[in-house]
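Residue numbers -23 to -1, 1 to 333, in mature numbering (1 follows the signal peptide of the UniProt record, and there is no 0), belong to the letters of the sequence shown in order.
Ideal Cβ positions, reconstructed from N, Cα and C, are used throughout, including at glycine.
A short write-up of the structure that comes next.
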Amino acid sequence: MRRNRILPSVALAGVLVLSGCQADSTTAVQAEYEAAQPFVNSDTPAKHVGLLNSEDVRFEAERGLMDLSRQYFPPSDVTFRTHTFLDFDELDATDGSRGLLGTLRDDNPNGLNPNNNESFDTGNGVVQGAIILVDVYEVDWYRADSLAGISLSLVVNDSVTQNGESHKIGDEQLRSYIEVTSNKLVTYMRERFNEVSSRIPILVAAYELDSGDAASNGGYVMEGWYPQGSTGGKFTAVKETTLTVPSSAFTEQAGQLAQEFNTFKDDVRSVLADNTFVTGTCRMLNGEPSRLDLTITTHGKMLSEVMAAAQKVESSFGTFTDTDVEYHVTIINNDQPYAMGRRMARSTTLEFVSAA
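What follows is the structure in structure tokens.
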């Protein structure tokens, strides 16, 4: 696939836009979703924290779901709320006995995990009582005050353990489980909630946890689209993962971006070499980088030193030439945020806001 890049001769032109200034008007900048107002808090976040220990995974699951939703629910057309329908009680699986995250049994007919006595073929061995579904995320899309659609994320394990032995779930077996579970969940929501009628389109995406790769938390592997009036979903494969930056996996899978990161890192550290770290994550979608999040962490620096580092970030950001990637950068000094910047996809402009 052809990647859009900044030409070297203009790479540093117009890099900085301070808060309140206009972004590059000649580029179709990718917009962000806006929250529906007034925003209604849900009791579900506490459930997510209890189910997924990794804050990175929790953020990636929700952010990735929004990214996958763009082609179905454009940010210019809708606003969002979360977990309007699947609240804590709907999901609850504290002891695995009830709720959607519980196991299927007579007194929990809507449980989305297999019955404790049910055999599950992983493709690498048969196990009983497999816990495959770990969590469910919900983003609700509104047009004015009317529900316009729903996006759901199924967070699933990539392996199950029985008698101390881990069994990797094969691609075919996982796909089958995701399709059956997605159909069941969509049917449940349309029957359970009056507002979620068959006229409401629903996107279901599956986020597979990675239990074996320290450089990746996992990523989305499949999505199913349920248009208005549909009784079944159209499923397509997705290849998404989030890589640690820097790491060997990042270097291998995002070669040019990794080289540009090293150049950028060296530029920043040329100003503050000691006690300064440049780290982050890179989201890969279908084999290509789609988002780079960088954190520049300094310790024991004076304001003037951090200002100099921020200015170096501004002047060096043109090092990143791929305009199909969305970039975010945060500068932290002594555990306090000093500045934040972002360059949206299809833009050549870094929007940068300082707290000083």
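- Sequence-distant Cβ neighbours of residue 20 in its own chain, meaning closer than 7 Å and more than five residues away, are 64 and 65.
- According to the DSSP assignment, residue 168 belongs to the alpha helix (DSSP H) that extends over 148 to 169.
- Cβ atoms of residue 306 and residue 283 stay farther apart than 8 Å, at about 14 Å.
- The count of Cβ pairs closer than 8 Å, one atom from the segment 98 to 110 and one from the segment 143 to 157, reaches three, so the stretches are in contact.
- Residue 18 and residue 115 have their C-alpha atoms some 13 Å from each other.
- In this structure, 129 is the residue among 129, 308, 264 and 58 with its C-alpha nearest to the C-alpha of residue 163.
- Secondary structure of residue 261 (DSSP, three-state): strand.
- Judged by DSSP secondary structure, residue 103 falls within the beta strand (DSSP E) whose first and last residues are 103 to 105.
- For residue 117, no alpha helix (DSSP H) encloses it; the enclosing beta strand (DSSP E) starts and ends at 110 to 120.
- The three-state reading of DSSP puts residue 140 in coil, since its state is none of H, G, I, E or B.
- Within the same chain, 91, 97 and 137 come within 6 Å of residue 107 by CB-CB distance, once the 5 residues on both sides are set aside.
- Under the three-state reduction of DSSP output, residue 9 falls in the coil class, being neither helix nor strand.
- DSSP places residue 310 in the uninterrupted beta strand (DSSP E) bounded by 303 to 310.
- With fewer than 16 other beta carbons inside 10 angstroms of its own, residue 153 counts as exposed.
- In the displayed model, residue 208 falls within coil according to three-state DSSP, outside both helix and strand.
- With a 10 Å radius around the Cβ and a threshold of 16 neighbouring Cβ atoms, residue 166 comes out buried.
- When only Cα atoms are considered, residue 257 and residue 233 end up about 16 Å apart.
- At a Cβ-Cβ threshold of 8 Å, residue 267 and residue 302 count as neighbours.
- Take the alpha-carbon of residue 293 and the one of residue 22: they are about 38 Å apart.
- The beta-carbon separation of residue 57 and residue 112, rounded to 18 Å, does not stay under the 8 Å limit for a contact.
- Beta-carbon to beta-carbon, residue 181 and residue 159 are separated by about 4 Å, close enough to satisfy the 8 Å threshold.
- Here DSSP, grouped into helix, strand and coil, assigns residue 173 to coil.
- The DSSP-derived three-state label of residue 328 is strand.
- The three-state reading of DSSP puts residue 95 in coil, since its state is none of H, G, I, E or B.
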